[in-house]
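First residue of the sequence shown? That's 8 in our numbering, and the numbers climb one at a time after it.
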Amino acid sequence: MPTEHILGLADTAVPYALADQIRSVSRQLDALIEADKPMAALAAIRLSGGYFARQARDAALRASFLDNSWAEIGEALGISKQAAWERCGKARREPATAS
Numbered sequence: 008m009p010t011e012h013i014l015g016l017a018d019t020a021v022p023y024a025l026a027d028q029i030r031s032v033s034r035q036l037d038a039l040i041e042a043d044k045p046m047a048a049l050a051a052i053r054l055s056g057g058y059f060a061r062q063a064r065d066a067a068l069r070a071s072f073l074d075n076s077w078a079e080i081g082e083a084l085g086i087s088k089q090a091a092w093e094r095c096g097k098a099r100r101e102p103a104t105a106s
């Protein structure tokens, strides 16, 4: 029957309360980053098992901007400094140079 694949989707709906909690955590992580507390955001992301990839990248870049080393950033995430830089540091935009 062609609708069988659709019937299976009913079981995958995220409950509203859970979706709301996930959005709340996302907003709280963004607030920590904006408040210049990126290392606290990184520690929370580590506790989440690595979810919130955008916030991890944003917090790592902010922490780097605030003179935290990639070793410190990696430690906060529970990974090596090289892995932290590979995941997050490459996303950093280099300042444009005047020609």
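Just so it is clear, CB atoms sit at the ideal spot from N, CA and C, and this is done for glycine as well.
Helix, strand or coil for residue i? Go by DSSP, reduced to three states.
i	result
V21	coil
L73	coil
I40	helix
S33	helix
G81	helix
E101	Confidence in E101 is poor, its pLDDT being 48 and thus under 50, which makes the residue's placement unreliable; the coordinate value appears in the next sentence. Coil.
I52	helix
G96	helix
Among the options, which has the Cα closest to the Cα of residue i?
i	options	result
D65	A90, S76, Y58, D37	D37
R30	L49, Y58, K44	Y58
Answer with buried or exposed for residue i, where buried requires no fewer than 16 other C-beta atoms within 10 angstroms of its C-beta.
i	result
S76	exposed
K97	exposed
L54	exposed
L73	exposed
A67	buried
S87	exposed
Of all Cβ atoms in chain D, is any one closer than 7 angstroms to the Cβ of residue i?
i	result
S55	No chain D is present in this structure, which holds just one protein chain.
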